[in-house]
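Worksheet for the structure shown next.
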Amino acid sequence: MTTIQASDTAGPGQAAGTVDTHCPYCSLQCGMRLTGTPVQVRERPDFPVNRGALCGKGQSAAAVLSPAARLATPLVRDGGELRPASWDEALERTVAGLSAAQRSHGRDAAGIFGGGGLTNEKAYLLGKFARVALRTINIDYNGRFCMSSAAAAGRKAFGIDRGLPFPLEDIPHSGCVILVGSNPAETMPPALRYFRELRENGGKLIVVDPRRTRTAELADLHLQPVPGTDLALALGMLHLVIADGHRDEAFIAKRTSGFEQARAAAMAHWPERVEQLTGVPVERLTAAVSLFAEAETGMVLTARGPEQQSKGTDTVGAWINLCLATGKAGRPYSGYGCLTGQGNGQGGREHGQKADQLPGYRSIEDPADRAHVASVWGIDPDDLPRSGVSAYELLDGLGQDGGVRALLLMGSNPVVSAPRAGRVTERLRALDFLAVSDVVLSESAELADVVFPSTQWAEETGTTTNLEGRVILRRKAVDAPEGVRSDLYLLHELAARLGVEKGFPDDPEEVFDELRRASAGGQADYAGISYARVAAEDGVFWPCPDEQHAGTPRLFLDRFATPDGRARFAPVTHRPSAEEPDADYPLYLTTGRVVSQYQSGAQTRRVPELNRAAPGPFVELHPHLAEQLGAADGDLIAVTSRRGRAEAPARVTDSIRQDTVFMPFHWGGAGRANTLTNPALDPTSKMPEFKVCAVRVERAEAAR
Ligand SMILES: Nc1nc2c(c(=O)[nH]1)N[C@H]1C(S)=C(S)[C@@H](COP(=O)(O)OP(=O)(O)OC[C@H]3O[C@@H](n4cnc5c(=O)[nH]c(N)nc54)[C@H](O)[C@@H]3O)O[C@H]1N2
Ligand SMILES: Nc1nc2c(c(=O)[nH]1)N[C@H]1C(S)=C(S)[C@@H](COP(=O)(O)OP(=O)(O)OC[C@H]3O[C@@H](n4cnc5c(=O)[nH]c(N)nc54)[C@H](O)[C@@H]3O)O[C@H]1N2
Ligand code: SF4
Ligand SMILES: [Mo]
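Add 11 to the 1-based position in the sequence shown for this note's numbering, that's all there is to it.
Below you can see the structure in the form of structure tokens.
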């Protein structure tokens, strides 16, 4: 039974037996209160982001604490089967596996794959473990699959990458918000309130999505483009802004650079051409431009729709251009923001899990950055590895010459969530050695040689950084089952057994204090953020360079973070998706989420009430398409792409374009959407094209 541990874990002023903490799942990091035995989730009305509201995943999160749902002991593979083992045996096997690969194939043959759900402390120590204990270049993480395109575009334009440059509470005060490929009605339900309040205040909401989602139904205007054409759409809007005299000359002159090139590209995207490329009628494009350009203030918020494309970085750049040309950036209630996704999607990328990054958003190739981090780590900068390859490239090369031979996977389930997942599963099987740390026996853990059961969320203390750049504290509320230890302990033990005795503490606050020093002076500066402040202030926004600094809820009001203080226009033009429909594969497939399942489903598929609400995969298709196939709602549909074939029941709805089908990606097995997806990568961010590929669709019997 899971019992609340109140004595040393409850914050100041909290009743014994009650612990205030945050949800284990998405980047809103909703505040919640844990109480009772067995532990139950309750409202915590005082936390500003969600003011007590929780979605069904948050409400039911305690189910995954139950020993029946979670891993409770290490497992090792013996004669083909996984069997329970001691921590000692599991650790020894792992050190042997990693070391053998490095001895035979060089240091870079050991690799790490991390996750954006890991706390800042875990992400930081995992990056340090790769560079200091394994000394490999090969570490990357699932954040590449998430908001890496927005991060790359944000850095190019503004000189810094923070999901939102303002708190969510600013949204209702804006004049017009364009939500591009974001479906918060399913993916962040408590945040919907901010968009409802926007409309109550007279502000306008525009939603851009190939599907009329529940979010789109709230909008004043819904644009329904062909998947993969957001870049053309944004260029078309910029064209009209310029043609209709809506640009803000004074802002462009004073606070930006590069307008001329962006203007030239936009002029080649006249409205009729854009209608042809995107399927969005000229009148609707014009209406969108009027709503946005004529509003006093405005925001563009993107999520995975426009970002998970092989041109995601350019696409986000084009939407930023629209903000800059209309003077809707760098001032109150205006700006571009990315709605990050995972619980620590923001912090997870700032502290060193990404192949090219060191803590504090420092660059692993920059001599001054290397010197700073090496001094905090007490090593010679020359001993720091350089940057390795990106997530999909790392997975694609597993077990091959020049690739990783022994992998530690922590906080991701790529068998379900990686693009072209059939290939990725085959590569994981080809490894000499695979260790997985997880809280449940995920599909990826099932392939491992060693499985470590990690403490999660309410069983441990740690910080995450939510989509606003607000660093928050998740407090330990319950003890984990015996046999379960934290990821920090795992890294501490592995490092020691690899001969690095010092520098891998397993106390989260100690790790955080080191992270603060490592990040000091970097872009994502956490130096002034302490556990005590985070607890007292409902979170602290980075950058926060010292303890006296208030933190930075709003960025760019005086200047952008570029060397000259100006935001940069992106010189981008439209290009097609990596795979467009043709005679053999005549339709678009796009993928995404439903409200009751989270990501690869590893956690939420273990919660009965969520499974009742979302029991399995489906293929969303338009009634006209269903009629052509002779398929009715619920009939089994076969979807085939150049990568493979998946089957799931039809869900017939006129809310989707006729040329497009949609599948959620939360399930493995026959209905796995990622059997189909195209791993074509964005050249800058290395984001795979989850949101567009070409498919053929048939009734399953007809296809057999
Ligand atoms: N319930 C639930 N909530 C979650 C998650 C979850 O798995 N389940 N995951 C969390 C994470 S990590 C993330 S990243 C966020 C993601 O949050 P969102 O980005 O909101 O989620 P998605 O469903 O992936 O994509 C959003 C929308 O993009 C649309 N879309 C598809 N193709 C295109 C396109 O080419 N252009 C445009 N403009 N739109 C397109 C889809 O129809 C979909 O409605 O959600 C977080 N919250
Ligand atoms: N087709 C398609 N595919 C997609 C997407 C899409 O839109 N379409 N979206 C992509 C996006 S945005 C994302 S973020 C990825 C996410 O996909 P994954 O990377 O697979 O993410 P999760 O399913 O959250 O996997 C996290 C794993 O870590 C475990 N875990 C949770 N907390 C901890 C912890 O503290 N320690 C350890 N050791 N383990 C923990 C969970 O149980 C789970 O098994 O999927 C991507 N894949
Ligand atoms: S919206 Fe996100 S953080 Fe909030 S309760 Fe739901 S899953 Fe948790
Ligand atoms: Mo994500």
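Ideal Cβ placement from N, Cα and C applies to all residues, glycine included.
Nearest-angstrom Cα separation, counted from residue j out to residue i
i    : j    : result
G550 : D665 : 43 Å
G214 : G174 : 22 Å
A202 : D57  : 15 Å
E521 : V60  : 27 Å
Y152 : L439 : 15 Å
S252 : G309 : Strictly speaking, residue 252 in this sequence is Val, with Ser absent from that position. Looking at the two C-alpha atoms, the distance is approximately 14 Å.
G108 : P634 : 53 Å
K697 : V191 : 20 Å
R5   : A101 : What the structure shows of the chain is the stretch from 12 to 715, and residue 5 is not part of that stretch, so it cannot be assessed.
D220 : W330 : 14 Å
G410 : S465 : 26 Å
S160 : C41  : 25 Å
G399 : A561 : 36 Å
A80  : M43  : 21 Å
G389 : I648 : 58 Å
N689 : A491 : 39 Å
Close-in-space but distant-in-sequence residues of the same chain around residue i (CB under 6 Å, 5 per side omitted)
i    : result
S374 : D380
A535 : E361, G371, Y372, W553
Q608 : T615, A625, H677
L93  : L86
K339 : G309, S345
G239 : Q320, S588, V703
S530 : P370, G371, D536, Y537
D172 : A162, G165, R166
T198 : R604
Sequence-distant residues of its chain with Cβ nearer than 8 Å to residue i (five each side left out)
i    : result
Q51  : L45, A73
G532 : G371, H383, A538, P556
R496 : W98, F463, P464, S465, T466
Residue i - containing alpha helix (DSSP H), residue span
i    : result
K167 : 159–169
P634 : 634–640
R544 : 542–547
V359 : First, the residue type needs correcting, since residue 359 is Gly and not Val in the sequence shown. Unbroken alpha helix (DSSP H) run through G359: 358–361.
V327 : 323–336
P282 : 282–289
Helix, strand or coil at residue i according to DSSP, with G and I counted as helix
i    : result
K702 : coil
H677 : coil
T32  : strand
A456 : helix
I375 : coil
G67  : helix
P95  : strand
C37  : strand
S652 : strand
Y152 : strand
H233 : strand
F523 : helix
L179 : helix
I123 : strand
Q51  : strand
Close Cβ partners of residue i (< 7 Å) along its chain, the five nearest in sequence each way excluded
i    : result
G128 : Q353, G354, N355, G422
L621 : G67, K68, S71, S607, Q608, T615
T20  : Here T20 scores only 47 on pLDDT, less than 50, and its place in the model should not be relied on; the value that follows carries that caveat. Excluding residues within five positions, the ones whose Cβ falls inside 7 Å are V30, R486, K487, A488.
P35  : A72, G354, Q467, W468
Residue range of the unbroken beta strand (DSSP E) whose run includes residue i
i    : result
P464 : 461–464
H116 : Careful: H116 lies outside any beta strand (DSSP E), inside the alpha helix (DSSP H) at 98–116.
A538 : It is not in any beta strand (DSSP E) - A538 carries neither H nor E in the DSSP assignment.
K215 : 215–219
I483 : 481–485
M43  : 42–46
D665 : D665 -> no beta strand (DSSP E), and no H or E assigned at all.
P690 : 689–692
G473 : 473–476
R223 : Careful: R223 lies outside any beta strand (DSSP E) and carries neither H nor E.
Which residues DSSP lists as bridging residue i, in chain order
i    : result
M310 : V188, G346
A264 : For A264, which the question treats as bridged, DSSP gives no partner whatsoever.
M421 : S448
Y599 : T671, A705
Residue i CB to nearest heavy atom of ligand 6 below 7 Å
i    : result
V703 : Looking at this structure, you won't find ligand 6 anywhere; what it does contain is ligand 1, ligand 2, ligand 3 and ligand 4.
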